[in-house]
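Undergrad: Here's a structure for you.
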Amino acid sequence: MSLLYQFLVLLQFSYLKFCTCTDTLTSTHLIKDHDTIISNNTNFKLAFFSPANSTSRYVGILYNTPVQTAIWVANRDKPLNDTFGTVAISEDGNLAVLDGQQQLIWSSNVSNSMANSSAQLLDNGNLVLLDKSGRTLWQSFEHPSDSVLQNMRIAVSNTHATSLITSWKSPSDPSVGIYSGGINPPNIPQLVVWNGSNPHWRSGPWNRQKFIGIHNMHSVYGIGVDLVRGDDGSAYLTFSYANASIRTHFFLDSEGNLSRRDWNYGKEDWEITWTAIKSECDVYGKCGAFGSCDIQDSRLCTCLEGFEPKNIHEWSRKNWTSGCERRTLSQCERNTSTSNQDKNDRFLKLTAVKVPDFPELSHAPESACGSECLNNCSCVAYAYDSGIGCMQWSGNLIDIVKFRGSGGVDLYVRAYFGKKITSDLFSYGRGKNSLEYSHEGSPQEKINQVKLEELPVFRFEKLAEATENFHAAQKLGQGGFGAVYKGKLSDGQEIAVKRLSRSSRQGMEEFMNEVVVISKLQHRNLVRLLGCCVEGEEKMLIYEYMPNRSLDALLFDPLKQQSPDWEKRRNIIEGIGRGLLYLHRDSRLRIIHRDLKASNILLDEELNPKISDFGLARIFGGSQDHANTVRVVGTYGYMAPEYAMEGRFSEKSDVFSFGVLLLEIVSGRRNTSFYHDEHDLSLLGYAWKLWNEDELVKLVDPSISESCSQMDILRYIHVGFLCVQEVARDRPTISTVLSMLSSEIKDLPTPRQPAFTERQTSSETMFLQQSRTRYSINYLSVTTVEGR
1 MSLLYQFLVL LQFSYLKFCT CTDTLTSTHL IKDHDTIISN NTNFKLAFFS PANSTSRYVG
61 ILYNTPVQTA IWVANRDKPL NDTFGTVAIS EDGNLAVLDG QQQLIWSSNV SNSMANSSAQ
121 LLDNGNLVLL DKSGRTLWQS FEHPSDSVLQ NMRIAVSNTH ATSLITSWKS PSDPSVGIYS
181 GGINPPNIPQ LVVWNGSNPH WRSGPWNRQK FIGIHNMHSV YGIGVDLVRG DDGSAYLTFS
241 YANASIRTHF FLDSEGNLSR RDWNYGKEDW EITWTAIKSE CDVYGKCGAF GSCDIQDSRL
301 CTCLEGFEPK NIHEWSRKNW TSGCERRTLS QCERNTSTSN QDKNDRFLKL TAVKVPDFPE
361 LSHAPESACG SECLNNCSCV AYAYDSGIGC MQWSGNLIDI VKFRGSGGVD LYVRAYFGKK
421 ITSDLFSYGR GKNSLEYSHE GSPQEKINQV KLEELPVFRF EKLAEATENF HAAQKLGQGG
481 FGAVYKGKLS DGQEIAVKRL SRSSRQGMEE FMNEVVVISK LQHRNLVRLL GCCVEGEEKM
541 LIYEYMPNRS LDALLFDPLK QQSPDWEKRR NIIEGIGRGL LYLHRDSRLR IIHRDLKASN
601 ILLDEELNPK ISDFGLARIF GGSQDHANTV RVVGTYGYMA PEYAMEGRFS EKSDVFSFGV
661 LLLEIVSGRR NTSFYHDEHD LSLLGYAWKL WNEDELVKLV DPSISESCSQ MDILRYIHVG
721 FLCVQEVARD RPTISTVLSM LSSEIKDLPT PRQPAFTERQ TSSETMFLQQ SRTRYSINYL
781 SVTTVEGR
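Given below as structure tokens:
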């Protein structure tokens with residue numbers, strides 16, 4: 001063997017040894033697939049690697065441990081398909097990853113780089129590109145992947161995050177995933193993880209010692225976390241141990257969870273020592289606006305006091321993201337006061353919570369923080385932390401979490417403790433929880449006695465202007481209690497104004513009852529009461545306007561232009577059921593409607609049903625299941641037999657009315673005017689006859705017979721029969737009805753014969769109350785009700 005050959009072999013061996021032991025890469029060397037450079041303290045290495053369950057090759061910074069752990073990836077979005085790749089200093093002085101054909105895969109892409117540059121892997125895991133004078137041209141710490149190492153800076157500017165960590169797509173794919181993390185740019189910095197552009201988790205504000213939205217932060221972090229702020233408004237977050245050789249880092253996994261990972265030297269493996277998302281409550285906005293999350297509460301999400309679910313149906317499905325809305329307007333929202341001269345607005349204290357997102361920093365001292373918020377109508381909440389100062393919120397309060405143990409800040413939410421415009425007009429009846437009514441005094445005195453803090457009051461002049469002075473052309477309908485007019489407010493909102501007749505004393509009682517009941521209810525399937533007006537002898541209720549008239553008009557108007565198909569009818573049936581479920585079980589009051597009928601079901605632009613007319617409604621106590629009355633009021637054809645004959649009503653009375661409505665919707669025929677020549681049967685009787693003859697398809701409205709599934713519609717009819725059974729205890733609850741309609745309950749019991757299968761004679765009809773209806777666009781109590 002010649003001396004020259006031995007020299008070349010020795011030179012090659014020396015070169016390989018240099019590449020695997022040095023921490024620096026120069027322009028005269030390159031790294032091949034199985035080569036590495038290692039930091040001087042041997043904690044980190046720059047090397048080629050393949051993730052678990054993948055054959056693709058990537059260049060990355062890894063911990064120099066037996067367990068492969070990449071904390072930075074160069075070509076994360078452009079993997080190599082073989083082992084012929086190299087890492088080198090390119091001709092323009094950039095750090096580059098090349099494939100086997102010397103095609104550029106990745107570059108540090110520094111525009112002002114120069115020849116004779118070099119790359120060095122520092123002891124803290126930072127890969128830096130240096131010019132020949134040692135000046136840093138580029139560094140991996142400023143271009144992070146999914147991990148944050150000690151002394152690494154996660155920076156933020158005045159307007160946007162400048163250093164974001166981004167998750168891998170999956171544990172086997174380092175390409176940029178959907179989650180990113182950084183510091184939110186507002187003047188009170190906080191850590192945030194985003195899912196795309198939407199927040200997924202946040203730490204809460206930084207108070208110079210900790211993030212106040214991280215539960216038990218001091219007990220979790222045994223390291224020095226610091227957020228440094230510059231005079232120009234920039235800031236950066238960093239963390240470090242006193243012993244920098246300890247292997248630890250934070251990383252954002254592919255499922256969006258920010259975690260801390262520590263190396264266990266005894267086990268020679270990694271341990272997860274902290275995670276941001278430990279429970280459902282840690283997910284951003286789990287309970288929506290004005291909702292609070294408590295992992296130790298079986299309900300998980302609750303509305304703040306004074307608020308109620310915006311979409312009770314979604315809440316019942318454990319989807320709380322729609323949040324809550326006020327059931328009690330603040331004085332500011334009622335536009336009657338813009339100062340603290342009115343003492344009705346107060347603050348409800350929420351102890352030890354993760355404060356909501358989007359705080360605004362005030363310079364007010366702690367002693368003036370609350371009063372400043374109270375005097376500002378746009379301020380809905382405030383909190384004070386000694387390390388931050390006075391924080392105030394306007395708009396929605398989102399991502400509130402109740403803390404157990406240590407941590408959290410006291411939050412004060414604006415609420416309205418209404419002064420009693422009233423003393424004794426309405427009170428809960430003795431043992432009945434029904435509304436008692438005093439007939440003494442003028443209408444103004446009566447309205448002044450009602451606690452109306454939850455309902456805006458309109459001026460008569462404003463309503464006169466909105467309805468063109470109650471012009472006949474604006475009239476939507478006329479009934480025994482008065483007329484209903486269409487109107488338009490100055491902001492363009494369309495309304496329906498129910499103006500009670502001055503001579504209707506009974507109407508005043510229903511008016512006051514409706515004010516109290518419906519003002520406390522909010523549900524997408526209940527008509528929304530916008531306000532009331534009582535001036536002199538004038539008594540008016542203001543509702544949202546329903547452009548598609550009522551269900552009565554949709555089904556039975558002989559001049560109707562089109563008939564709804566089965567899909568629309570089914571949605572209407574289910575919507576009425578959901579509204580009734582809210583009244584019976586899900587609202588803060590248990591309400592029995594007592595006058596559920598087609599003319600009291602209004603339809604919005606998309607034919608979504610809205611239950612209206614709560615003038616006859618009654619409130620039930622928590623354990624109360626029925627009540628009696630000597631004054632039977634309602635509409636013949638929809639009243640349950642126990643109510644019509646005995647004055648006894650309950651939830652099952654409303655279920656009976658719902659069953660009648662269901663059969664009317666399916667058949668397209670009105671129960672109160674149905675006549676069968678041969679057998680003198682009511683609609684219920686005719687339907688029951690077809691049931692016994694196995695001819696139920698004859699009951700179906702011919703206009704929908706081709707657009708519906710026969711099995712589907714027969715199931716609905718079957719459920720309708722269960723609702724109209726003569727004995728109340730045989731009828732299902734409305735929650736069971738909805739489960740039957742959705743087929744959650746598959747096997748249906750055999751129904752017993754319905755009540756009122758025969759048409760009433762004129763004398764029998766007179767014994768019950770009579771109802772005269774007229775078509776209107778908003779059917780809002782345009783029914784004449786006569787007591788027996």
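Counting from 1, one number per residue, gives the positions in the sequence shown under full-length UniProt numbering. Just so it is clear, CB atoms sit at the ideal spot from N, CA and C, and this is done for glycine as well. Values in this document were obtained by computation on a predicted structure and should not be read as measured data.
(1) Assign PHE49 to one of three DSSP states: helix, strand, or coil.
(2) Among ASP253, ASN184, ASN41, SER111, whose alpha-carbon lies nearest the alpha-carbon of SER172?
(3) Is ASN124 near GLN103, with beta carbons less than 9 angstroms apart?
(4) Please list, in chain order, all residues of the same chain as ILE398 whose beta carbon is under 6 angstroms from its beta carbon, the five residues on each side excluded.
(5) My assumption, with CB atoms under 8 angstroms, is that LEU581 sits in contact with LEU738. Please give the rounded CB distance.
(6) Note down the Cα distance separating GLU535 from LEU681, rounded to an integer number of angstroms.
(7) Along the alpha helix (DSSP H) that carries PHE556, what are the first and last residues, could you check?
(8) By DSSP's criteria, GLN190 is part of a beta bridge. Which residues make up the other side?
(9) For GLN710, is the classification buried or exposed, using 16 other Cβ atoms within 10 angstroms of its Cβ as the cut-off for buried?
(10) Where DSSP assigns a beta bridge to MET639, which residues make up the other side?
(11) To which residues of the same chain is GLN296 closer than 7 angstroms at the C-beta, ignoring the five residues directly before and after it?
(12) Considering Cα atoms alone, identify which of PHE470, ASN94, TRP566, MET645 is closest to ALA26.
(13) How about VAL666 and CYS723: are their beta carbons less than 9 angstroms apart?
(14) Quick one: using the 10 Å Cβ neighbour count with 16 as the cut-off for buried, is ASP424 buried or exposed?
(15) Cα separation between CYS369 and VAL380?
(16) Is it true that the CB of LEU374 sits closer than 9 angstroms to the CB of ARG414?
(17) Under three-state DSSP, which class holds HIS29?
(18) Can you tell me whether DSSP reads HIS718 as helix, strand or coil?
(19) Check this for me: beta carbons of GLY256 and VAL193, under 9 angstroms apart or not?
(20) Pull the bridge partners of TYR63 from the DSSP assignment, please.
(21) Does the beta-carbon of MET645 have 16 or more other beta-carbons within 10 angstroms, so that it is buried, or is it exposed?
(22) Flag this pair as yes or no: are the beta carbons of LEU526 and ILE592 separated by less than 9 angstroms?
(23) From the DSSP output, read off the bridge partner residues of ILE165.
(24) Would you tell me roughly how many angstroms separate the C-alpha atoms of ARG524 and LYS310, rounded to the nearest one?
(25) Per DSSP, what are the beta-bridge partners of ASP385 in this structure?
(26) Who are PRO751's beta bridge partners in DSSP?
(27) Taking DSSP as the reference, what is the three-state secondary structure of PRO702?
(28) Take ARG729 and list the residues in its own chain whose beta-carbon comes closer than 8 angstroms to its own, dropping the five residues that flank it on each side.
(29) Identify which residue in LEU699, SER599, GLN209 has its Cα closest to the Cα of SER657.
(30) Tell me the DSSP secondary structure of ASP424 in three-state form.
(31) Use the C-beta contact count for ARG618: other C-beta atoms within 10 angstroms, 16 or more gives buried, fewer gives exposed.
(32) With DSSP collapsed to three states, give me the class of ARG430.
(33) So does the stretch 173–187 actually touch the stretch 261–272, counting three or more Cβ pairs closer than 8 angstroms?
(34) If you count every other CB in all the chains shown that lies within 10 Å of the CB of LYS210, and 16 or more means buried, which is it?
(35) Pick out whichever of ASN53, ALA52, ASP604, LEU62 has its Cα sitting closest to the Cα of LEU46.
(36) What separation, rounded to the nearest whole angstrom, lies between the Cα atoms of ILE71 and TRP566?
TA: Taking the structure as given:
(1) Locating residue 49 in the sequence shown gives position 49, where the first residue counts as 1. Looking at PHE49 - three-state DSSP - the assignment turns out to be strand.
(2) Here residue 172 refers to the residue found at position 172 when the sequence shown is read from its first residue. With distances taken between Cα atoms, SER172 lies closest to ASP253.
(3) Mapped onto the sequence shown, residue 124 falls at position 124. Mapped onto the sequence shown, residue 103 falls at position 103. For ASN124 and GLN103, no; Cβs fall outside 9 angstroms.
(4) Indexing the sequence shown from 1 puts residue 398 at position 398. GLY285, ALA289, PRO356, ASP357.
(5) Your numbering for residue 581 matches position 581 in the sequence shown. Your numbering for residue 738 matches position 738 in the sequence shown. Contact flag correct, Cβ pair sits at about 6 angstroms.
(6) Within the sequence shown, residue 535 is the residue found at index 535, counting from 1. Within the sequence shown, residue 681 is the residue found at index 681, counting from 1. So the alpha carbons of these two residues sit roughly 49 angstroms apart.
(7) Within the sequence shown, numbered from 1, the residue matching residue 556 stands at position 556. Note, PHE556: alpha helix (DSSP H), 551–556.
(8) Position 190 of the sequence shown holds residue 190. Answer by DSSP bridge pairing, in chain order: PRO205.
(9) Walking along the sequence shown from the start, residue 710 turns up at place 710. Result: exposed.
(10) The residue labelled residue 639 in the question sits at position 639 within the sequence shown. Partner(s): none; MET639 has no beta bridge.
(11) Locating residue 296 in the sequence shown gives position 296, counting from the first residue. The residues are ARG404.
(12) As a position in the sequence shown, residue 26 is number 26, starting the count at 1. According to the sequence as given, residue 26 is Thr; it is not Ala. The shortest Cα separation from THR26 among PHE470, ASN94, TRP566, MET645 belongs to ASN94.
(13) What you label residue 666 is simply residue 666 of the sequence shown in a count that begins at 1. What you label residue 723 is simply residue 723 of the sequence shown in a count that begins at 1. Against a cut-off of 9 angstroms, the Cβ pair of CYS723 and VAL666 comes out as no contact.
(14) As a working note, residue 424 is residue 424 in the sequence shown. Reliability fails at ASP424, whose pLDDT of 26 lies under 50, so the model's placement of it is uncertain and no value is given.
(15) Walking along the sequence shown from the start, residue 369 turns up at place 369. Walking along the sequence shown from the start, residue 380 turns up at place 380. If I take the Cα positions, the gap works out to 12 angstroms.
(16) Translated into positions along the sequence shown, residue 414 becomes position 414. Translated into positions along the sequence shown, residue 374 becomes position 374. Yes. Within cutoff.
(17) Numbered from 1 along the sequence shown, position 29 holds the residue referred to as residue 29. The answer is coil: DSSP assigns HIS29 none of H, G, I, E or B.
(18) Along the sequence shown, one-based indexing puts residue 718 at 718. In the structure shown, HIS718 sits in a helix (DSSP, three-state: H, G or I).
(19) Here residue 256 is taken as the residue at index 256 of the sequence shown, counted from 1. Here residue 193 is taken as the residue at index 193 of the sequence shown, counted from 1. Yes, they are a contact pair.
(20) Taking the first residue of the sequence shown as 1, we reach residue 63 at position 63. Bridge partners of TYR63: PHE44.
(21) Position 645 of the sequence shown, counting from 1, holds the residue named residue 645. The residue in question, MET645, is exposed, as its Cβ has fewer than 16 Cβ neighbours within 10 Å.
(22) The count along the sequence shown starts at 1 and reaches residue 526 at position 526. The count along the sequence shown starts at 1 and reaches residue 592 at position 592. In this structure, ILE592 does not lie closer than 9 angstroms to LEU526 by Cβ.
(23) Position 165 of the sequence shown, counting from 1, holds the residue named residue 165. Partner(s): GLY181.
(24) Within the sequence shown, residue 524 is the residue found at index 524, counting from 1. Within the sequence shown, residue 310 is the residue found at index 310, counting from 1. Cα-Cα distance, rounded: 8 angstroms.
(25) Along the sequence shown, read from residue 1 onward, the residue named residue 385 stands at position 385. DSSP lists GLY389 as partners of ASP385.
(26) Locating residue 751 in the sequence shown gives position 751, where the first residue counts as 1. Looking at the DSSP assignment, PRO751 forms no beta bridge with any residue, so it has no partner.
(27) For this step, residue 702 is matched to residue 702 along the sequence shown. The answer is helix: DSSP assigns PRO702 an H, G or I state.
(28) Counting from 1 along the sequence shown, the entry for residue 729 is found at position 729. Around ARG729: LYS652.
(29) Locating residue 657 in the sequence shown gives position 657, counting from the first residue. Selected option, being the one with the closest Cα: SER599.
(30) Here residue 424 is taken as the residue at index 424 of the sequence shown, counted from 1. Low confidence applies to ASP424: its pLDDT is 26, below 50, so where it sits in the model is not reliable, and the reading given next is rough at best. It is coil, neither helix nor strand.
(31) Residue mapping note: residue 618 aligns to position 618 of the sequence shown, counting from 1. Counting Cβ neighbours within 10 Å, ARG618 comes out buried, since at least 16 surround it.
(32) Position 430 of the sequence shown, counted from the first residue, corresponds to residue 430. For ARG430, the predicted model reports a pLDDT of 26, less than 50, meaning its position is unreliable; a value from the coordinates is still stated below. ARG430: coil per DSSP, three-state reduction.
(33) no
(34) Stepping through the sequence shown from its first residue, residue 210 is reached at position 210. LYS210 should be labelled buried.
(35) As a first step, residue 46 is located in the sequence shown; it is residue number 46 there, counting from the start. Per the Cα distances, LEU62.
(36) Here the question's residue 71 lines up with position 71 in the sequence shown. Here the question's residue 566 lines up with position 566 in the sequence shown. The straight-line gap from Cα to Cα measures roughly 58 angstroms.
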